[in-house]
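Engineer:
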Amino acid sequence: MDIRFINVEHSVKFDSMEDAIKEANRLKMIMDRFAKRTELPFSCLFAVSQLSLRFGEYVMFHNGKKGRPKRKAVSKRVLFAPPETVQPHLHIIIAYTKQEKIISNKLVESITRKYGEGTSRAYDITNTNPLYYFQYVVRQSGTLRYVRDFTNIIPIDFKKMTRISTKQEDDIYFHANNRKDAIFRYPVG
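Everything in the sequence shown is counted per the working numbering, starting at 567 for the first residue and increasing by one.
1. Please state whether DSSP places Ile-658 in a helix, a strand or coil.
2. Let's see if you can read the secondary structure: which residues bound the beta strand (DSSP E) around Ala-639?
3. Identify the residues that DSSP records as bridge partners of Phe-608: which are they?
4. How long is the line joining the alpha carbons of Ser-686 and Leu-611, rounded to whole angstroms?
5. Considering Thr-694, what are the terminal residues of the beta strand (DSSP E) in which it resides?
6. Have a look at His-576 and Leu-710 and give me their C-alpha separation to the nearest angstrom.
7. Assuming Thr-663 contacts Ile-719 (C-beta within less than 8 Å), just tell me the rounded distance between them.
8. Please confirm if the segment 687-705 is in contact with the segment 659-673, defined as three or more CB-CB distances below 8 Å between the two stretches.
9. Rounded to whole angstroms, how far is the Cβ of Tyr-624 from the Cβ of Ala-639, which I believe are closer than 8 Å?
10. Is there contact between the segment 620-636 and the segment 594-608, where contact requires at least three CB pairs shorter than 8 Å?
11. Taking Cβ to Cβ, would you say Ala-661 is nearer than 8 Å to Phe-580?
12. Is the beta carbon of Met-583 less than 8 Å from the beta carbon of Pro-654?
Laid out in structure tokens, this is it:
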């Protein structure tokens with residue numbers, strides 16, 4: 567089976583994280599309904615990001631207790647400090663097998679209708695290492711929304727891939743310990 571990937575560029579920057587999450591939820595609902603109606607084999611990931619990978623990333627912390635590990639944003643530049651942020655924005659990845667124009671056009675048209683011309687485009691990223699792009703998106707995104715493949719043809723599960731791609735730590739996570747340009751301010755104790 568030939569699985570291909572599309573990156574849908576959403577060039578709108580949001581005023582707040584809540585606005586970006588509402589937009590991700592809106593697009594997820596549209597694609598859920600579209601997937602059930604058309605029965606096309608595809609899966610989507612909508613990632614809401616407020617971090618730049620230059621300043622920080624999301625890491626899973628296991629605290630030894632039962633339950634889901636905490637996913638926290640950590641700074642790459644200042645130890646024990648929250649990372650610097652940028653304006654909230656969306657990243658969208660689609661995995662599909664056929665009829666990519668119908669799938670990507672549905673998202674592009676919805677974004678264009680709401681925000682105007684030139685706010686969205688679709689790119690095929692199959693030949694440019696889609697796994698690297700996926701890891702880049704997951705490491706900087708705090709909120710993730712998924713549309714699963716209702717036909718069960720595509721063996722890719724973005725939700726499981728997200729858990730595997732996120733760095734896992736048990737205690738304190740030190741970013742770039744050996745970098746010469748790392749700036750660490752230890753907590754006053």
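Note that beta-carbon positions come from the ideal geometry of N, C-alpha and C, so glycine has one too. Quick caveat, the model's predicted, so the values are computed rather than measured.
Structural biologist: Per the coordinate set shown:
1. strand
2. 636-641
3. Tyr-662
4. 16 Å
5. Unbroken run through Thr-694: none, as it is neither H nor E.
6. 15 Å
7. 6 Å
8. yes
9. 6 Å
10. no
11. no
12. yes
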